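Engineer: Line order of the protein sequences matches chains A and B. Residues 1 to 114 in this note's numbering are what the first sequence lists, from first letter to last. Residues 115 to 226 in this note's numbering are what the second sequence lists, from first letter to last.
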Amino acid sequence: SQTIHQWPATLVQPVGSPLSLECTVEGTSNPNLYWYRQAAGRGLQLLFYSVGIGQISSEVPQNLSASRPQDRQFILSSKKLLLSDSGFYLCAWSGQGPNNSPLHFGNGTRLTVT
Amino acid sequence: KQEVTQIPAALSVPEGENLVLNCSFTDSAIYNLQWFRQDPGKGLTSLLLIQSSQREQTSGRLNASLDKSSGRSTLYIAASQPGDSATYLCAAVNQAGTALIFGKGTTLSVSS
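Structure, rendered in structure tokens:
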């Protein structure tokens, strides 16, 4: 069966520090991968999605970046965190061709920037 | 640009009631529509996926309908239970078919 792992579960970082959140998927190959952010009182905002290794599409301009060094690994990074980067970050995957494939989410990372 | 809206934002009902959650989307050219459940501080769990060619999907006490022409979907929960308390989100797959656009969710509270 397929599983998705996301870590860490919680993170407190000072403003200006770097960030690296990692997500890995097991039990499937060539998945679509996604990073979403859920800020307090707001909906889920799509940050990045990837349809293959090294292929990253950004939905919103920001100081975050994403990379996909391996087929089932998706990394969210920042060189210098801002207070506004605080939120709940969710990684997700779906099979190729989302017409028939539901989205599966990790348990999320709660990031607090102080 | 696709926008997804969910009404109501919050709903409180006594145990046993049947209820309907509403979802509307501005661009009817969707590939599918999905309903999720989110418990506090947790990730999302997929409940139902309705393909663009379908009108409804059922899973247990849950039934989701889709009307593309009017840009609406509903999630019907029968005989609600306290364990159904959570935030329910709907999401429409964008025109590129690569990502989902979410509504802000309906937070449901079922009292015993």
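Backbone N, C-alpha and C define an ideal beta-carbon position, used for all residues, glycine too. The model shown is predicted, which means the values in this text are computed figures rather than measured ones.
What is the rounded straight-line gap between the Cα of B:P122 and the Cα of A:L44?
Structural biologist: The residue you call residue 122 of chain B lines up with position 8 of the second sequence. The residue you call residue 44 of chain A lines up with position 44 of the first sequence. Approximately 17 Å, taken between the alpha carbons.
Engineer: If A:N30 and A:S50 are in contact, beta carbons under 8 Å, what's the gap, nearest whole angstrom?
Structural biologist: Residue mapping note: residue 30 of chain A aligns to position 30 of the first sequence, counting from 1. Residue mapping note: residue 50 of chain A aligns to position 50 of the first sequence, counting from 1. That pair is no contact at about 11 Å.
Engineer: Which residues in chain B sit within 7 Å of A:L81, going by Cβ to Cβ distance?
Structural biologist: Along the first sequence, one-based indexing puts residue 81 of chain A at 81. Within chain B, no residue comes near A:L81; the closest Cβ sits about 21 Å away, beyond 7 Å.
Engineer: Are A:R68 and A:G87 closer than 9 Å when you measure CB to CB?
Structural biologist: Counting from 1 along the first sequence, the entry for residue 68 of chain A is found at position 68. Counting from 1 along the first sequence, the entry for residue 87 of chain A is found at position 87. Cβ distance not < 9 Å, so A:R68 and A:G87 don't count as in contact.
Engineer: Measuring only the C-alpha atoms, how far is A:Q38 from B:A193?
Structural biologist: As a working note, residue 38 of chain A is residue 38 in the first sequence. As a working note, residue 193 of chain B is residue 79 in the second sequence. Each residue's alpha carbon lies about 30 Å from the other.
Engineer: Should B:L158 be flagged as near chain A, meaning a C-beta pair shorter than 9 Å?
Structural biologist: Here residue 158 of chain B refers to the residue found at position 44 when the second sequence is read from its first residue. It does: the Cβ of B:L158 has a partner Cβ on chain A nearer than 9 Å.
Engineer: Cα-Cα, which of B:L176, B:I144, B:S183 and B:L158 is closest to A:G106?
Structural biologist: The sequence position of residue 106 of chain A within the first sequence is 106, counting from 1. Checked all of B:L176, B:I144, B:S183 and B:L158; the closest Cα to A:G106 is B:L158.
Engineer: What is the C-beta distance between B:L189 and B:A200, in whole angstroms, given that I count them as a contact (C-beta under 8 Å)?
Structural biologist: Locating residue 189 of chain B in the second sequence gives position 75, counting from the first residue. Locating residue 200 of chain B in the second sequence gives position 86, counting from the first residue. The pair is not a contact, with the Cβ atoms about 12 Å apart (cut-off 8 Å).
Engineer: In this structure, does DSSP put B:L133 in helix, strand or coil?
Structural biologist: To locate residue 133 of chain B, count along the second sequence from 1; it is residue 19. In the structure shown, B:L133 sits in a strand (DSSP, three-state: E or B).
Engineer: Would you check if the distance between the CB atom of B:L163 and the CB atom of A:P102 is smaller than 9 Å?
Structural biologist: Position 49 of the second sequence holds residue 163 of chain B. Position 102 of the first sequence holds residue 102 of chain A. A contact, by the Cβ cut-off of 9 Å.
Engineer: Where does A:P98 fall in DSSP's three states?
Structural biologist: The residue you call residue 98 of chain A lines up with position 98 of the first sequence. For A:P98, the predicted model reports a pLDDT of 49, less than 50, meaning its position is unreliable; a value from the coordinates is still stated below. DSSP places A:P98 in coil when its eight states are reduced to three.
Engineer: If you reduce the DSSP assignment to three classes, tell me which class A:L83 lands in.
Structural biologist: Along the first sequence, one-based indexing puts residue 83 of chain A at 83. Of the three classes helix, strand and coil, the one that applies to A:L83 here is helix, per DSSP.
Engineer: Going along the chain, which residues of its own chain have a beta-carbon closer than 6 Å to the beta-carbon of A:S57, five neighbours each way excluded?
Structural biologist: On the first sequence, position 57 is the one that residue 57 of chain A refers to. Counting only Cβ-Cβ distances below 6 Å, and skipping sequence neighbours, we find Y49.
Engineer: Taking A:Q2 as the reference, give the member of A:G95, A:S20, A:T109 and A:L47 with the closest Cα.
Structural biologist: The residue labelled residue 2 of chain A in the question sits at position 2 within the first sequence. Checking every option, the nearest Cα to that of A:Q2 belongs to A:G95.
Engineer: For B:Q120, which option in B:S126, B:E131, B:W149 and B:K182 has the closest C-alpha, if you only look at C-alpha atoms?
Structural biologist: Reading the second sequence from its first residue, position 6 is the one you call residue 120 of chain B. The shortest C-alpha separation from B:Q120 is found at B:W149.
Engineer: Between the alpha carbons of A:P98 and B:A213, how many angstroms are there, rounded?
Structural biologist: Taking the first residue of the first sequence as position 1, residue 98 of chain A is located at position 98. Taking the first residue of the second sequence as position 1, residue 213 of chain B is located at position 99. Any reading at A:P98 needs caution, since the residue's pLDDT is 49, under 50, leaving its predicted position unreliable; the model's value is listed next. Taking the straight line from one Cα to the other gives about 8 Å.
Engineer: Check whether chain A comes within 9 Å of B:Q195, counting only Cβ atoms and requiring the distance to be less than that.
Structural biologist: Here residue 195 of chain B corresponds to residue number 81 of the second sequence, with the count starting at 1. No, B:Q195 lies away from the interface with chain A (no Cβ there is under 9 Å from its Cβ).
Engineer: Between the C-alpha atoms of B:D198 and B:P154, what's the straight-line distance to the nearest angstrom?
Structural biologist: Counting from one through the second sequence, the residue named residue 198 of chain B turns up at place 84. Counting from one through the second sequence, the residue named residue 154 of chain B turns up at place 40. Going by the C-alpha atoms only, they are around 12 Å apart.
Engineer: How about B:L163: is its C-beta nearer than 9 Å to some C-beta of chain A?
Structural biologist: The count along the second sequence starts at 1 and reaches residue 163 of chain B at position 49. Chain A contact via Cβ: present.
Engineer: In or out: B:K182 buried (at least 16 other Cβ within 10 Å) or exposed?
Structural biologist: Here residue 182 of chain B is taken as the residue at index 68 of the second sequence, counted from 1. Result: buried.
Engineer: Taking the runs of the beta strand (DSSP E) that are 3 residues or longer, which of them lie wholly in the region 154 to 219 of chain B?
Structural biologist: List check, beta strand (DSSP E) in window: 158 to 165, 170 to 173, 176 to 181, 186 to 191, 200 to 207 and 214 to 216.
Engineer: Indicate whether at least one CB of chain A lies closer than 9 Å to the CB of B:I215.
Structural biologist: Taking the second sequence and counting its residues from 1, one reaches residue 215 of chain B at position 101. Cβ-Cβ to chain A under 9 Å: yes for B:I215.
Engineer: Report the residues of the region 140 to 155 of chain B with a CB closer than 9 Å to any CB of chain A, ordered along the chain.
Structural biologist: Of all residues in the region 140 to 155 of chain B, Y145, N146, Q148, F150, Q152 and G155 have a Cβ within less than 9 Å of some Cβ in chain A.
Engineer: According to DSSP, simplified to helix, strand and coil, what is A:A40?
Structural biologist: If you number the first sequence from 1, residue 40 of chain A lands on position 40. Coil.
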